[in-house]
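Asker: Provided herewith is a single structure, encoded as C-alpha cells, for subsequent inquiry.
Protein chains: 2
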Amino acid sequence: MPIILGIDPGSRKTGFGVISSVSGKVEYIASGVIRMDNAHSLAERLKTIFSSVSDIINLHMPQEFAIENVFMAKSAGSALKLGQARGAAIVAAVHHDLPVSEYEARKVKQSVVGTGAADKLQVQHMVKSLLSLSMSPQEDAADALAVALCHANTQQHLIRTASARHFRRGRLV
Amino acid sequence: MPIILGIDPGSRKTGFGVISSVSGKVEYIASGVIRMDNAHSLAERLKTIFSSVSDIINLHMPQEFAIENVFMAKSAGSALKLGQARGAAIVAAVHHDLPVSEYEARKVKQSVVGTGAADKLQVQHMVKSLLSLSMSPQEDAADALAVALCHANTQQHLIRTASARHFRRGRLV
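So the protein lines, in turn, are chains A and B.
With positions in the first sequence counted from 1, the corresponding number in the working numbering is that position plus 42.
With positions in the second sequence counted from 1, the corresponding number in the working numbering is that position plus 42.
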C-alpha cells in the first residue's frame, strides 16, 4: 500500500497531507498545517518545518513525497523565504531517503479539479469529494492533499500506460 | 576554543570556512566549496548541501554557525533557488543544535575589508592576510571564511562592550 506525503510549503504555514493509493483507489490518512511562529528566528522556523515533516514521516511511514513547485513568486524577497521553507521540507524527505516528486501548481489543479485555473475553494471541494471527507480540510492542508492526489494520479497514469504498452506488445508477439 | 563555521550559500556552489577565535585571535582550520551537479535533481542537490554541511560539523565540531544573508537577489527564480540552498544549510546547523547567526553581505565586507562596497578580490586578499594563509582561498571559500571572521569580530565586540559596561558599573559602585 503506497503511502504518499504531499507538502504545500510556505514561509508562515506549511500544509501536509497523507494518503494511500492502491490500484487507483485513494484513501485519506492524515492532514494538517505546520505553523511557524513569527516571533521565532529564521533558524527556529526552519527547524520547525524540518522536525515536523520528519515526525510526520516517522509516524505515517510514506514511501513517496510530493511537493508543490512554485512557478512564480510575488517578489525576490518572498521567493527567498519560500525557497528556505521548501528547502527545509525537501531536506527532511531526502534525509529519510524518500523519493521527491515536484508538481507545478497548475498541474495539481488540473489533476484534481480538471482545470489549471481552479480556485482554492474548488480545490478544497474536490479534495473533500475525492477522499470522501465529511468536511473540507483547511486551505493549506487541502493544497497538500491535492499534491498527494496529483502524485497518485500521475503514478497511476504511468502504470496504466506501461500496462497498455505491455498489452500491445503481447498482441504483437 | 570557540570554533565557527561560516557558510556562503549558493544554488550551484556553497562555500564553507572553519576558523577558531580565542580572545580576538583568529586561526584558520579548513575551507572549501561544496559543488552541486547540475545533472542532479533539486532533491539530490539539497541532499548534497545538507549531508556535506553535516559532515563538516561532525568533523570540525564548531560551536557556532554564521551564514551570509542575501539582501537582494537578481530575480524571483534565482531567489527561490538560493533560498532552497540556504534552507538546506541552515537545517543542517539546527539539526546539530548549532546557534545560527546571519550577516548581511555589506556587514561582512565592512567587518573584513573595512568598507561595505569591497569587491571579491579585496575580500580574498583580506581573508588571506587576516588568517595568515600562504595563498588566497577560492572565491566561495573566501566568502565563507569572511562570514566566519565577521561573526568572530562581532562576538569579540560584544564581549568588549560587555566588559566595558561591567567596568563602568564597577566604578559607579
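Backbone N, C-alpha and C fix where the C-beta goes; we use that ideal spot for every residue, glycine too.
So for B/K116, helix, strand or coil by DSSP?
Answerer: Looking at B/K116 - three-state DSSP - the assignment turns out to be coil, as it is neither helix nor strand.
Asker: Please tell me whether A/R54 has its Cβ less than 9 Å away from any Cβ of chain B.
Answerer: No, A/R54 lies away from the interface with chain B (no Cβ there is under 9 Å from its Cβ).
Asker: Hey, could you find the ends of the beta strand (DSSP E) B/S62 is sitting in?
Answerer: Run containing B/S62: K55 to V64, per the beta strand (DSSP E) assignment.
Asker: Measuring only between beta-carbons, confirm whether A/F58 sits less than 9 Å from chain B.
Answerer: No, A/F58 does not count as interfacial toward chain B.
Asker: Mapping the DSSP letters down to three states, classify A/D97 as helix, strand or coil.
Answerer: Here A/D97 sits in helix by DSSP.
Asker: Taking B/E181 as the reference, give the member of B/G66, B/T157, B/R77 and B/I45 with the closest Cα.
Answerer: Among B/G66, B/T157, B/R77 and B/I45, the Cα nearest to that of B/E181 belongs to B/R77.
Asker: Buried or exposed for A/L163, please, with buried defined as at least 16 other CB atoms from any protein chain shown within 10 angstroms of its CB.
Answerer: It counts as exposed.
Asker: State whether the segment 179 to 198 of chain A contacts the segment 159 to 179 of chain B, with contact taken as three or more CB pairs (one from each stretch) at a distance under 8 Å.
Answerer: Flag = no, the segment 179 to 198 of chain A and the segment 159 to 179 of chain B do not touch.
Asker: Pull up the distance between the alpha-carbon of B/V75 and that of B/A183, whole angstroms please.
Answerer: If you take the alpha carbons of B/V75 and B/A183, they lie about 6 Å apart.
Asker: Are the CB atoms of A/I109 and A/G52 within a distance shorter than 9 Å?
Answerer: No, these two residues do not count as a Cβ contact at 9 Å.
Asker: Compare the C-beta of A/G48 with all C-beta atoms of chain B and state if any pair is closer than 9 Å.
Answerer: Judged by the 9 Å Cβ criterion, A/G48 is not in contact with chain B.
Asker: Please classify B/L101 as buried or exposed, where buried requires at least 16 neighbouring CB atoms within 10 angstroms.
Answerer: Exposed, because fewer than 16 other Cβ atoms sit within 10 Å of the Cβ of B/L101.
Asker: Could you tell me which chain A residues have their CB closer than 8 Å to the CB of B/R128, listed as they occur along the chain?
Answerer: Neighbours of B/R128 on chain A, chain order: L122, G125, Q126 and G129.
Asker: Compare the C-alpha of B/D79 against each of B/Y70, B/A121 and B/K89 and name the closest.
Answerer: That would be B/K89, whose Cα lies nearest to the Cα of B/D79.
Asker: Closest to A/L137 by CA distance: which of B/I46, B/R87 and B/E146 is it?
Answerer: Note that residue 137 of chain A is His in the sequence shown here, rather than Leu. Selected option, being the one with the closest Cα: B/R87.
Asker: So for A/S178, helix, strand or coil by DSSP?
Answerer: Coil at A/S178, not helix or strand.
Asker: Which same chain residues end up closer than 7 Å to A/A131 when comparing Cβ atoms and leaving out the 5 residues on each side of it in sequence?
Answerer: Hits under 7 Å: I49, P51, T56, I91, V95 and I109.
Asker: Tell me B/S83's beta-bridge partners as DSSP assigns them.
Answerer: Per DSSP, none; premise fails for B/S83.
Asker: If you compare alpha carbons, which of B/R128, B/V68 and B/D97 is closest to A/A85?
Answerer: Among B/R128, B/V68 and B/D97, the Cα nearest to that of A/A85 is on B/R128.
Asker: Tell me, please, whether the CB atom of B/A186 is closer than 9 Å to any CB atom in chain A?
Answerer: For B/A186, the answer is no, since every Cβ of chain A falls outside 9 Å of its Cβ.
Asker: Compute the beta-carbon to beta-carbon distance between B/E106 and B/P44, rounded to the nearest angstrom, for a pair I have assumed lies under 8 Å.
Answerer: Their Cβ separation, rounded to whole angstroms, is 6 Å, which keeps B/E106 and B/P44 in contact under 8 Å.
Asker: For my contact list, B/F58 and B/A194 are in at a C-beta cut-off of 8 Å; report their separation, rounded to the angstrom.
Answerer: Incorrect: roughly 15 Å between the Cβ atoms, too far for contact.
Asker: Would B/M103 be called buried (16 or more neighbouring beta carbons within 10 Å of its own) or exposed?
Answerer: It is exposed - the Cβ of B/M103 has fewer than 16 other Cβ atoms within 10 Å.
Asker: Leaving out five residues on either side along the sequence, give the residues of the same chain with a beta carbon under 7 Å from the beta carbon of A/V150.
Answerer: Within the same chain, A/V150 has close Cβ partners E110, A188, V189 and C192.
Asker: Do we get a CB-CB distance below 9 Å when we pair B/S63 with the residues of chain A?
Answerer: False, the Cβ-Cβ gap to chain A never drops below 9 Å.
Asker: Determine whether the Cβ of B/H137 lies closer than 9 Å to any Cβ atom of chain A.
Answerer: For B/H137, the answer is yes, since a Cβ of chain A falls inside 9 Å of its Cβ.
Asker: If the cut is a Cβ gap below 7 Å, which residues of chain C does B/I45 touch?
Answerer: Absent here is chain C; the protein component of the structure consists of chains A and B.
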